[in-house]
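Mapping to the working numbering: the sequence shown position 22 is 235, numbers consecutive. The C-beta atom is built at its ideal place from N, Cα and C for all residues, glycine as well. Below is one structure; the comments refer to it alone.
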Amino acid sequence: MRYKDPRQPPADWDPPDHDAGGGWDEDDADDRDAPQSRDLDDDDDDDDSVTEPCPNCRRDVYEGADRCPYCGEYIVPGGSSRGGRGLWVAVVAAAVVVALLYWVLR
């Protein structure tokens with residue numbers, strides 16, 4: 214039994230016709246999956262992707278993001294999601310101290 218070289222195409226295989234321009238023709242201009250000129254631009258001066266630091270982990274996330282993709286915390290517009298929690302802890306602690314002082318010094 215004679216084995217065929219697997220690297221060789223079958224004898225009846227007809228290779229596709231390619232033009233000298235690298236296989237691209239005018240019909241490919243309407244292809245939505247083909248790279249567009251804006252995809253191939255190397256000009257980074259007009260970067261449309263504006264980032265801001267996550268209030269929780271301080272890593273850069275896109276400006277309009279609802280959640281940080283790194284830590285998973287929700288991004289609350291106008292400040293940190295933990296800032297309000299720390300303020301409430303301080304207010305409650307101060308109220309407890311005032312209540313204890315009132316009870317002891319009464």
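*Cβ-based burial, P266 [other Cβ within 10 Å; buried from 16]*: exposed
*Cβ-based burial, P268 [other Cβ within 10 Å; buried from 16]*: buried
*asked:* Determine whether the beta carbon atoms of A303 and I288 lie at a separation below 7 Å.
replied: no
*List the endpoints of the continuous alpha helix (DSSP H) containing D273.*
Unbroken run through D273 is the beta strand (DSSP E), 273–275; no alpha helix (DSSP H).
*Unbroken alpha helix (DSSP H) run spanning L318, endpoints*: No alpha helix (DSSP H) holds L318; DSSP gives it neither H nor E.
*DSSP bridge partner residues for P266 (one or two, in chain order)*: D273
*Where the alpha helix (DSSP H) through R251 begins and ends*: 250–253
*Whole angstroms is fine: what's the gap from V309's alpha carbon to W316's?*
10 Å
_For C270 and D252, what's the separation of their Cα atoms in angstroms?_
31 Å
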